[in-house]
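Step one of this worksheet: look at the structure below.
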Amino acid sequence: MLGQIDISKRQAEIADLVQKAGFASVEELADRFEVTTQTIRRDVNGLCELGILRRTHGGVEPPAPASNIHYSTRQILNLAGKQVIAKQVADVVENNQSIAFSIGTTPEIVMQALVAHDKLAIFTNNLNVAFTASINPSFQVTIAGGRLRHGDRDILGSSARAFFSNYKVDIGVFGVAGVDEDGTLLDFHEDEVSARQSILANSRKSYLVLDHSKFGRSAHVRGGKLSDVDAIFTDRPVPKAFLASLDGTKTRVFVAGQGKQA
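Okay, so the sequence shown: first residue is 286 according to the working numbering, each after it adds one.
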């Protein structure tokens with residue numbers, strides 16, 4: 286499938302662990318997964334070839350940060366959390382609805398969870414989402430035109446913003462790079478923010494989908510507040526400091542496996 290990479294479950298877990306810890310030695314990884322150091326070296330060599338990790342003396346670490354983490358890395362980080370988020374969104378989406386999808390890995394995984402639905406109309410600037418949606422012949426898929434970002438396989442800029450403004454959809458599904466403690470939504474590029482805000486402005490309901498790692502994660506472009514959206518779908522309870530920004534608002538928070546968070 287477009288946008289997905291061929292790695293093992295253990296490699297995905299290694300990448301997730303190293304991203305969170307900042308470093309892991311080959312010996313530590315071998316002990317943790319109860320395999321030989323030779324097996325771990327093969328795993329990490331494959332991850333390094335994909336640019337997901339990089340070798341350093343005695344082990345591996347995340348690649349040097351440039352701006353956002355590479356898309357292929359984000360696809361496998363906290364994959365299980367993103368999948369449970371996707372399932373809870375799929376549970377509230379009805380057949381025959383129209384949905385606008387933003388860029389990002391979590392919206393892509395939400396689309397994967399919706400493939401079994403019937404007669405959805407999908408509008409997106411995310412080619413990974415479009416390709417997944419095209420698997421279901423009952424879906425109507427409309428994509429934005431413009432310049433393609435190769436690594437992320439998405440289309441941004443004025444054409445994407447104008448594209449979403451041409452439609453009024455039932456649901457807008459989008460993610461963010463990070464959330465500040467005061468509830469400010471953050472991204473790495475102005476064009477990412479403008480496309481997301483165009484989806485928000487042209488959707489009857491807005492769903493923010495993000496895993497727990499996004500709370501407190503830094504990015505430098507401001508673009509709205511948590512309280513701007515109708516519902517937040519996440520994999521763990523939202524930290525209390527962030528919930529304070531939702532006091533007195535109508536925004537609902539849904540935690541996978543726990544329903545609505547107070």
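Glycine residues also receive a C-beta, built at the ideal position from the N, C-alpha and C atoms.
It should be emphasised that the depicted structure is a prediction, and the values quoted were computed from it without experimental measurement.
Sheet register partners of residue i (DSSP bridge)
i: Phe518; result: Val494, Phe539
i: Ile384; result: Ile407, Ile456
i: Ser310; result: Gly344
i: Glu506; result: Correcting the residue identity first, residue 506 is Val in this sequence and not Glu. Its beta-bridge partners are Asp472.
i: Arg339; result: Glu346
i: Phe500; result: Val464
From the options, residue whose alpha carbon lies closest to that of residue i
i: Ser423; options: Pro524, Ser444, Ala401, Arg434; result: Ala401
i: Glu477; options: Thr409, Cys333, Ile325, Thr536; result: Thr409
i: Gly463; options: Asp455, Asp472, Ile456; result: Asp472
i: Ser479; options: Gly460, Asp496, Glu466, Leu495; result: Gly460
i: Val369; options: Asp328, Gly343, Gln397; result: Gln397
i: Ala431; options: Thr417, Phe416, Ala447; result: The sequence given here has Gly at residue 431, not Ala. With distances taken between Cα atoms, Gly431 lies closest to Ala447.
i: Cys333; options: Glu346, Ile384, Thr324, Ala429; result: Glu346
i: Ile456; options: Ala486, Ser419, Glu313; result: Ala486
i: Ala541; options: Leu531, Thr534, Asp520, Leu528; result: Asp520
i: Asn330; options: Ile407, Ala429, Gln296, Gly501; result: Gln296
i: Phe469; options: Pro522, Leu528, Ser488; result: The sequence shown places Thr at residue 469, not Phe. When each option's Cα is compared against that of Thr469, the closest is Leu528.
i: Asp496; options: Val458, Lys367, Arg339; result: Lys367
i: Arg499; options: Gln482, Pro524, Ile440; result: Strictly speaking, residue 499 in this sequence is Lys, with Arg absent from that position. For the residues Gln482, Pro524, Ile440, the minimum Cα distance to Lys499 belongs to Pro524.
i: Val270; options: His435, Gly442, Ser383; result: This structure cannot settle anything about residue 270, because the visible part of the chain is limited to 286 through 547.
i: Ser293; options: Ala306, Phe318, Lys535, Glu312; result: Phe318
i: Val426; options: Lys305, Lys453, Lys404, Arg326; result: Lys404
i: Lys453; options: Pro348, Ala406, Leu511; result: Ala406
i: Glu379; options: Leu399, Ala365, Ala371; result: Leu399
i: Glu312; options: Gln323, Lys305, Gln304; result: Gln323
i: Val303; options: Pro348, His435, Ala415; result: Pro348
Buried versus exposed call for residue i [16 or more other C-beta atoms within 10 Å across all chains shown]
i: Ser387; result: buried
i: Arg507; result: exposed
i: Tyr492; result: buried
i: Thr390; result: buried
i: Asn381; result: exposed
i: Val538; result: buried
i: Phe276; result: Any property of residue 276 remains undetermined from this structure, which presents the chain solely from 286 to 547.
i: Asn363; result: buried
i: Leu433; result: exposed
i: Ala504; result: buried
i: Gly533; result: exposed
i: Ala526; result: exposed
i: Asp328; result: buried
i: Ala351; result: Caution is warranted here: a pLDDT of 49 is assigned to Ala351, below 50, making its placement in the model unreliable, and no coordinate value can be reported.
i: Arg489; result: exposed
i: Thr341; result: exposed
i: Thr417; result: buried
i: Asn241; result: Because the chain here runs from 286 to 547, residue 241 falls outside it and cannot be looked at.
i: Ser443; result: exposed
i: Ala516; result: buried
i: Ala445; result: buried
i: Ala365; result: exposed
i: Ala371; result: buried
i: Ala306; result: exposed
i: Thr321; result: exposed
Rounded Cβ spacing between residue i and residue j (contact assumed at less than 8 Å)
i: Val395; j: Val374; result: 5 Å
i: Ile484; j: Phe518; result: Their Cβ separation, rounded to whole angstroms, is 15 Å, which puts Ile484 and Phe518 out of contact at 8 Å.
i: Val514; j: Pro392; result: In fact, because the Cβ distance is near 13 Å, the residues do not count as touching under 8 Å.
i: Arg438; j: Asn413; result: 5 Å
i: Leu338; j: Ala300; result: 6 Å
i: Gly501; j: Glu475; result: Contact doesn't hold; Cβ gap of about 22 Å is too wide.
i: Gly336; j: Ser310; result: Between Ser310 and Gly336 the Cβ distance is about 21 Å, and since that is not below 8 Å, they are no contact.
i: Gln482; j: Gly509; result: 6 Å
>> Threshold first: 3 residues or longer. Then list the beta strand (DSSP E) segments lying entirely within the segment 415 to 490, N to C.
In response: 425 to 428, 454 to 459, 469 to 472
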